[in-house]
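Below is one structure, written out as structure tokens; the observations come after it.
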Amino acid sequence: GLGLLDSQNRSRFHPLDALGLAKSRVVWTWRELGGFEKAQQAYPYATHLLLPDIAFQTGPFWNQGAGFDPPPKLMVDVLLFLRSDKESKYREVRRNDTILGQLLEDSRKKLIIGTAGHPPLENSSLTSSADPLTFRVVDWKHRLSMEGISSDPLNVASAVQLLKLGKVVICDRLHAAITAYLSGVPFVYLDQSTGKVSKTLAVAFNSTGFEHDCQDGTQHMWAKALNLPEAMDKALAMMQTLKL
3 GLGLLDSQNR SRFHPLDALG LAKSRVVWTW RELGGFEKAQ QAYPYATHLL LPDIAFQTGP
63 FWNQGAGFDP PPKLMVDVLL FLRSDKESKY REVRRNDTIL GQLLEDSRKK LIIGTAGHPP
123 LENSSLTSSA DPLTFRVVDW KHRLSMEGIS SDPLNVASAV QLLKLGKVVI CDRLHAAITA
183 YLSGVPFVYL DQSTGKVSKT LAVAFNSTGF EHDCQDGTQH MWAKALNLPE AMDKALAMMQ
243 TLKL
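Quick note on our numbering: the sequence shown kicks off at 3 and runs consecutively.
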């Protein structure tokens, strides 16, 4: 496949020499530091590059126009973009709207009262218990069945539309976090079982070519949470700070 043993070159290379040359041409890319370091030890003959996940090259999407906006009637305050597979830490709770609604209201109460570093809310839409906070639980498959959202699974617009259903997104899917970042959608991310969301974003935000301050979550509208209640707290804090 590397053109070393074709009809013209076969007589010029001993098979072992050709194999050595072929190995020297192998280039592997890695999106996590751990895999990059292990591969350097296991395959020292190859070239290894630590790069942002290739999905970052698909955007940005924040200036794509109305075709990337979802139907207003479907929009909610908090979009819970949570996995339903074995990698999820929240597979059971994502099915329980009662628990999720209570977590959201608990976070609002904490925000109203005020916590360390955050004064009590005044004159905010979040303080009105007459207006319950709205939420929706989704995963990628839902963009194929929602009225008003493109049903083409290869259409990037449908992914952006799905994420824009929420004023703030809480997600444990890596590419939901990346797409939210590229779309200018505020998001709070949770790690799934392997921690790949944190590991991959750390590489991207430390890479040459990204803005020097992209690790500033306050400026770039992202945050990390260790559990779902903390994610709810941070999502509502974002809504307040950004006046959403």
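We put the beta carbon where it would ideally sit given N, CA and C, even for glycine.
No experiment lies behind these values; they were computed from the predicted model shown.
| Of the residues ALA204, LEU165, ASP235, ASN229, which one's Cα is nearest the Cα of VAL78? | LEU165
| task | Entirely within the segment 48-112 and at least 3 residues each: give me those beta strand (DSSP E) ranges in chain order. | result | 49-52, 78-83
| said: Can you tell me whether TRP30 is buried or exposed? The criterion is at least 16 other CB atoms within 10 Å of its CB, across all chains shown. | reply: exposed
| query | For ALA44, is the classification buried or exposed, using 16 other Cβ atoms within 10 angstroms of its Cβ as the cut-off for buried? | reply | exposed
| request: Can you say whether PRO46 is buried or exposed, counting buried as having 16 or more other CB atoms within 10 angstroms of its CB? | output: exposed
| Buried or exposed: which applies to PRO72, given that a residue is buried once 16 or more other Cβ atoms fall within 10 Å of its Cβ? | buried
| message | According to DSSP, VAL139 sits in a beta bridge with which residue or residues? | response | LEU82
| Which residue comes first and which comes last in the beta strand (DSSP E) that contains VAL170? | 168-173
| Which class does LYS245 belong to by DSSP, given the choice of helix, strand or coil? | coil
| message | Which same chain residues end up closer than 8 Å to PRO231 when comparing Cβ atoms and leaving out the 5 residues on each side of it in sequence? | response | LEU105, ASP108, SER109
| When you compare only the Cα positions, how much space is there between PHE58 and LYS111? | 36 Å
| Does the count of Cβ pairs from the segment 191-201 and the segment 80-96 closer than 8 Å reach three? | yes
| Of the residues PHE83, LEU228, PHE70, ALA24, which one's Cα is nearest the Cα of HIS177? | PHE83
| query | beta strand (DSSP E) containing TYR191: first to last residue? | reply | 189-191
| field | Close Cβ partners of HIS250 (< 8 Å) along its chain, the five nearest in sequence each way excluded | value | An answer regarding residue 250 cannot be provided, because it is not within the stretch 3 to 246 covered by the chain.
| query | Measuring CB to CB, does MET223 end up less than 9 Å from LEU238? | reply | no
| said: DSSP three-state label for ALA225, please. | reply: strand
| Using the C-alpha atoms, what's the distance from ALA206 back to GLU39? | 16 Å
| Under the DSSP definition of a beta bridge, which residues are partnered with VAL29? | THR49
| Between which two residues does the alpha helix (DSSP H) harbouring ILE180 extend? | 176-185
| said: Can you give me the C-alpha to C-alpha distance between ASN65 and ALA161, rounded to a whole angstrom? | reply: 15 Å
| Inter-residue spacing [alpha-carbon to alpha-carbon] between LEU228 and ALA24 | 44 Å
| task | Can you grab the Cα-Cα spacing for the pair ARG138 / VAL80, in whole Å? | result | 7 Å
| query | By Cβ distance below 7 Å, which residues in the same chain neighbour THR136 in space, the five residues on each side in sequence not counted? | reply | VAL78, ASP79
| query | Hey, how far is the Cα of ILE115 from the Cα of GLY37? | reply | 44 Å
| Cβ-based burial, ALA97 [other Cβ within 10 Å; buried from 16] | This sequence places Arg at residue 97; Ala is not what is there. Exposed.
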